[in-house]
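Taking it in order: structure first as structure tokens, then the write-up.
2 protein chains.
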Amino acid sequence: MTTGTGSETGHPAGQAAVVAAGRGAGPAGGLTGQSPPTIYDVARAAGVSIASVSRVLNGRRNPREETRDRVLQAVAELGFVPDGAARALSVRLKEVVGVVVRRPQPTDDDGVFADEDENLQFPDMINRGMEFVAQRYGYDLLIRSVDLHESDGRRIFALARKSDGLILHDQVISTEQLARLGRQVPVVTLAFVPTPTTVNVRSDNETGMRELIRHLAVDHGYGSIGYLSGHLDSPDNLARSATVRAEAEAAGVQFVNGPQWQGDYSAAGGARVTERLLESGTELPRAIVCGNDQTAIGVLYALAQRRIDIPGQVAVAGFDDIPVARHLNPRLTSVRQPIQDLGATAFETLHALISPAPGQQDLRGRDIVLPTRLNRRESCGCGPGHPDSLVLAGMEGRQP
Amino acid sequence: MTTGTGSETGHPAGQAAVVAAGRGAGPAGGLTGQSPPTIYDVARAAGVSIASVSRVLNGRRNPREETRDRVLQAVAELGFVPDGAARALSVRLKEVVGVVVRRPQPTDDDGVFADEDENLQFPDMINRGMEFVAQRYGYDLLIRSVDLHESDGRRIFALARKSDGLILHDQVISTEQLARLGRQVPVVTLAFVPTPTTVNVRSDNETGMRELIRHLAVDHGYGSIGYLSGHLDSPDNLARSATVRAEAEAAGVQFVNGPQWQGDYSAAGGARVTERLLESGTELPRAIVCGNDQTAIGVLYALAQRRIDIPGQVAVAGFDDIPVARHLNPRLTSVRQPIQDLGATAFETLHALISPAPGQQDLRGRDIVLPTRLNRRESCGCGPGHPDSLVLAGMEGRQP
DNA sequence: GCGCTTCCGGTAAGCGCTTACCCCAGGCCC
DNA sequence: GGGCCTGGGGTAAGCGCTTACCGGAAGCGC
Chain A
74 MTTGTGSETG HPAGQAAVVA AGRGAGPAGG LTGQSPPTIY DVARAAGVSI
124 ASVSRVLNGR RNPREETRDR VLQAVAELGF VPDGAARALS VRLKEVVGVV
174 VRRPQPTDDD GVFADEDENL QFPDMINRGM EFVAQRYGYD LLIRSVDLHE
224 SDGRRIFALA RKSDGLILHD QVISTEQLAR LGRQVPVVTL AFVPTPTTVN
274 VRSDNETGMR ELIRHLAVDH GYGSIGYLSG HLDSPDNLAR SATVRAEAEA
324 AGVQFVNGPQ WQGDYSAAGG ARVTERLLES GTELPRAIVC GNDQTAIGVL
374 YALAQRRIDI PGQVAVAGFD DIPVARHLNP RLTSVRQPIQ DLGATAFETL
424 HALISPAPGQ QDLRGRDIVL PTRLNRRESC GCGPGHPDSL VLAGMEGRQP
Chain B
74 MTTGTGSETG HPAGQAAVVA AGRGAGPAGG LTGQSPPTIY DVARAAGVSI
124 ASVSRVLNGR RNPREETRDR VLQAVAELGF VPDGAARALS VRLKEVVGVV
174 VRRPQPTDDD GVFADEDENL QFPDMINRGM EFVAQRYGYD LLIRSVDLHE
224 SDGRRIFALA RKSDGLILHD QVISTEQLAR LGRQVPVVTL AFVPTPTTVN
274 VRSDNETGMR ELIRHLAVDH GYGSIGYLSG HLDSPDNLAR SATVRAEAEA
324 AGVQFVNGPQ WQGDYSAAGG ARVTERLLES GTELPRAIVC GNDQTAIGVL
374 YALAQRRIDI PGQVAVAGFD DIPVARHLNP RLTSVRQPIQ DLGATAFETL
424 HALISPAPGQ QDLRGRDIVL PTRLNRRESC GCGPGHPDSL VLAGMEGRQP
């Protein structure tokens, strides 16, 4: 009782106030709690049944013009918008897709990179790409972050029941869990592997990396190349690592790797690995290729600390080509992934899984691969003369 | 008919297949479509009524231990998770908050900054802060982006019906619309203004900016300061601009501003304004303070193009202190906003609006202000000796 | 003028949950 | 031993929508 003002919906009243907590429950009373109008309110205002209102709103069996107008006017006056949950329950479509991202796990000794959040940039750009297409289909993204290798995936399954399908960023679930999940709801993974019930979207690590290694080995003629890896169990990392090795060997260049070259995709990790290598007195390879750009940022930092000339003494390259890459000093050579496209494609694919077009063939089990290409800048040894490099170069401006 | 396998839920069957489109409708048949179990399935498996299942799941009126165990076992076996929409409809709580962000509008002449996405970094970090606390309350964020000054706000009202409350980033709605929206659902705005029905969260522009201007005018003794503004109607911009003027005048320093100093919070805008000033032959002020860091990036770029020494000839400072700031060359002096806190506070506040704690007083109409502080780096003229500046300084490393 | 087809719009069922309400045992007291 | 209370669990209503189904009113041809 005493719920909203003027809201005798005319349909069975019932408990209402019970769990309504927070709506007009506060001492403020008056001007709030005006809970949004329901379809019953509209029907009453227009003098028709709720079925007619619904039909008008959904363009079904086009009702008589006059009826339609009456309804539309009532809708406009009341500012009615149908409730998402009710609609979802009825049509069995929420028009929401769940997106699971991995929450970066800061370690103890991140030092200068402690609150370094470029990590976020990459997944966020992917999400941006998703959101962009999602708009067109009237979908929204429901975002949830989980810890690396979320123990039981419970939080992921829960998110599934709030949405029509899931897009999983890398390394948020195990393969078994993924297969199980895929059996219950449409799922698209990013930079992972397809399962019989899910589809994966990734970019072409091999081609881009091959181009980079050939550039370093052949064009620059560097005699040794090290690979500072990302998470060991990341498929992207495995592919990149294997390609570096294969191409280096093919070019007759020494490939440097090993346990002490183990990074974790973070700037802090890249810096840490570099420092330890330096401390151990090992001679660095002529060029260091990093699992991603974050790692490269860390490497650049650690080398600069030791006054090591980049690319004069050691060349450095990254992977991803995040926007910051071109603002670094020296500007970072990197393999460009179509970041936003990755997201857009993931969404497009998921949507096809959720509501397949008439003739649409089943996509499950597919591995969708997007192209990559090398972006040469200064950190690999290319000069500022390259067309790509007309960017925020503080250097040139500093010494007239 | 022929819906799922073994899914005779025992409750009225009905239409089912009608709108189920996409679930097992595809030619694939078999291994998919296994639509998730419902509470009826669990009840049948446990040999109890759905009410008991629900009670066990929600810990109500603790049922007998034996019953509870039977139910929990059935839940585990079936992997049951309640459907979000159904639950939401019933308890009138979706456990979802809508977040509206502004989609950057690329203009025609963005040049090098065309696909510059640092713009995203700031809002994304705020969202990260929200998500972090949202977790603790079992909420998820439903993200939607709108164009600057979304014409009628329809998309915002629609999002409201998919969630329990809204958090609006800056400049996505007009004040009138906002007041109307606030009457229907709990709303928190960021960097805007409070209305009688909504609360606003922002950071303390005045204090941080005051500190910056005093630093430039007093510590560095610069004789003139220009302010390259953000969107004219952004309250943040107004406050920053006013503070720059007031403090400059108070310090007896010339304040340079005017229509040709109008930026738009983007790097491209900052570069454009700077280039036009340079072309027009105007003499630049000794220091340029930017509406935000993006703008400063553009300014840095344009000045470097002209071989103007920063901070030797012109000092530059930003606002926000986004992570990239410390990787620029020279490293950018900026006023630090507690970015993630902004998001966390916004969520906390919204949650208090949605389900106020027992004694909780009404927050509506409040303007919550978070503290800021100056981060001195090189672009204002401070040397690399400053403790803050031990960061990715490519410069030092380049010339041994 | 009468049966048939259309076209409209109302009635009600059902989406998957939560919970008020009630009924049935069992235990208790006098 | 009967009335009462209590606790456990089932029944059903209701959350706000969509839509199958039906009944009434026109419109039509013969």
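Residue numbers (my numbering), protein chains in the order written: chain A, 74 to 473; chain B, 74 to 473. Just so you know, even glycine gets a beta-carbon here, dropped at the ideal spot from N, CA and C.
At a cut-off of 7 angstroms between beta-carbon atoms, B:E204 makes contact with chain A. In the DSSP assignment, the residues bridged to A:D220 are A:R176. Burial of A:T418 is indicated by the presence of at least 16 other C-beta atoms within 10 angstroms of its C-beta.
Chain-order list of chain B residues neighbouring A:V397: V397 and H400, by C-beta distance under 7 angstroms. Going by C-alpha positions, B:H288 is about 31 angstroms away from B:N200. Annotation: B:L166 to A:Y212 spans about 20 angstroms, alpha carbon to alpha carbon.
Residue pairing by DSSP leaves A:C453 without any beta bridge partner.
Comparing alpha-carbon positions, the option among A:L301, A:A118, A:A319 and A:I370 lying closest to A:T280 turns out to be A:A319.
Put simply, the backbone Cα of B:R143 is about 16 angstroms away from that of B:P110. A straight line joining the alpha-carbon of B:A118 with that of B:A124 spans about 14 angstroms. Minimum Cα-Cα distance from B:V129 among the listed residues B:R141, B:D435 and B:N278 corresponds to B:R141. A straight line joining the alpha-carbon of A:R275 with that of B:P396 spans about 27 angstroms. Cβ contact annotation for B:G255 (same chain, cutoff 6 angstroms, sequence separation greater than five): T268, T270 and T271, in chain order.
Here A:V206 is not near A:V173, since their CB atoms are 7 angstroms or more apart.
Taking 7 angstroms as the cut-off, the Cβ atoms of A:R379 and A:L415 do not count as close. Taking a 10 Å sphere around the C-beta of A:A147, we find 16 or more other C-beta atoms and assign the residue as buried. Straight-line spacing of the CA atoms in B:G342 and A:R446 works out to 29 angstroms. Proximity of the stretch 288 to 300 of chain B to the stretch 359 to 369 of chain B meets the contact definition, three or more beta-carbon pairs being nearer than 8 angstroms.
Taking the Cβ atoms as the reference, B:F420 lies roughly 14 angstroms from B:M198, outside the contact range of under 8 angstroms. Taking 7 angstroms as the CB threshold, A:V387 stays off the interface with chain B. Leaving aside the five residues that flank B:Q244 on each side, the residues in its chain whose CB is nearer than 8 angstroms to its CB run, in chain order, R175, L221, H222, F265, H304, D306 and S307. For B:F230, the chain A residues whose C-beta falls within less than 8 angstroms of its own C-beta are G152 and V154, listed in chain order. Taking 7 angstroms as the cut-off, the Cβ atoms of A:V389 and A:V408 do not count as close. Our two residues, A:V121 and A:R137, have alpha carbons roughly 12 angstroms apart in a direct line.
Taking every protein chain shown into account, the CB of A:E150 has fewer than 16 other CB atoms within 10 angstroms, so this residue is exposed.
In the three-state reduction of the DSSP assignment, A:Y300 falls in the strand class, which pools E and B.
Using a Cβ-Cβ cut-off of 7 angstroms, A:I216 is close to E204, D213, L214 and I216 of chain B, given in chain order.
Assigned with DSSP and collapsed to three states, A:N278 falls in helix. Judged by DSSP in its simplified three-state form, B:R446 adopts strand. The stretch 156 to 171 of chain A and the stretch 235 to 252 of chain A touch, with three or more beta-carbon pairs separated by less than 8 angstroms. At the C-beta level, A:G391 and A:A369 come within 7 angstroms of one another. Counting of Cβ neighbours within 10 angstroms places B:D292 among the exposed residues, the total staying below 16.
A residue is called buried when at least 16 other Cβ atoms come within 10 angstroms of its Cβ; B:Q434 does not meet this threshold and is exposed.
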